[in-house]
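Since the structure comes first, as structure tokens, the remarks are kept for the end.
Numbering (the numbering used here), first residue to last: 5 to 159.
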């Protein structure tokens, strides 16, 4: 009888320990811990990156990526046909160019699903740059923008 009581107590302690794990979870049932800049799966985040891939003459080329670093399929909701936007600044902080400034977009909602470790990427070329230092801010045209910034120079 004593043995059954001990086994029952151990089972209850084990189950109560499992119940504590739920208090570490957020509303989306994802871990609330986020680690920026790691290369493995980061629980609960879509990880954006913006990289200068080339500069040639007066043109700079960038790669903007969003990687699903969760263990679940993530849905990105675009409220229009515009998927991203960016603003280019000179070294004095003046906005030189905004991607969406002279464009119109169809009000057609779209959902993009990213599976675990899947990547959504955009290649951007900015032309007619004069020699100097610049800052590029880029983000998704969604409610949660995933904004990234990169500084670069044209010589």
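Beta carbons: idealized from backbone N, C-alpha and C, even for Gly.
Only a predicted model underlies this, so the values are computations on that prediction, with no experimental measurement involved.
Contacts around residue i, its chain only, beta-carbon distance under 7 Å, and the 5 residues preceding and following it disregarded
| i | result |
| --- | --- |
| residue 150 | 50, 52, 70, 143, 144 |
| residue 135 | 158, 159 |
| residue 139 | 93, 153, 155 |
6 Å CB neighbourhood of residue i in its chain, flanking five on each side removed
| i | result |
| --- | --- |
| residue 84 | 109, 111 |
| residue 117 | 77, 79 |
| residue 91 | 99, 102, 141 |
| residue 68 | 54, 126, 142 |
| residue 113 | 83 |
| residue 137 | 95, 157 |
Simplified DSSP assignment, three categories, for residue i
| i | result |
| --- | --- |
| residue 93 | strand |
| residue 71 | strand |
| residue 84 | coil |
| residue 152 | strand |
| residue 25 | Caution applies to residue 25, whose pLDDT of 38 falls short of 50 and renders its modelled position unreliable; the value that the coordinates give is listed next. Looking at residue 25 - three-state DSSP - the assignment turns out to be helix. |
| residue 61 | coil |
| residue 147 | coil |
Beta-bridge pairing of residue i - partner residues as DSSP gives them
| i | result |
| --- | --- |
| residue 3 | Residue 3 cannot be examined here, being either before or after the span of the chain that is shown, 5 to 159. |
| residue 66 | 56, 128 |
| residue 159 | Residue 159 is not bridged to any residue. |
| residue 1 | With the chain covering 5 to 159 only, the question about residue 1 has no answer from this structure. |
N-terminal and C-terminal residue of the beta strand (DSSP E) that residue i is part of
| i | result |
| --- | --- |
| residue 134 | Element bounds for residue 134: n/a, residue is neither H nor E. |
| residue 105 | First-last for residue 105: undefined, no H or E at that position. |
| residue 114 | 114-118 |
Presumed contact (8 Å Cβ cut-off) between residue i and residue j, rounded CB distance
| i | j | result |
| --- | --- | --- |
| residue 148 | residue 72 | That pair is no contact at about 13 Å. |
| residue 59 | residue 66 | Residue 59 to residue 66, Cβ: 10 Å. No contact. |
| residue 131 | residue 62 | 6 Å |
| residue 133 | residue 64 | 6 Å |
Proximal residues to residue i (C-beta, below 8 Å), its chain only, five neighbours per side dropped
| i | result |
| --- | --- |
| residue 86 | 104, 107, 109, 145 |
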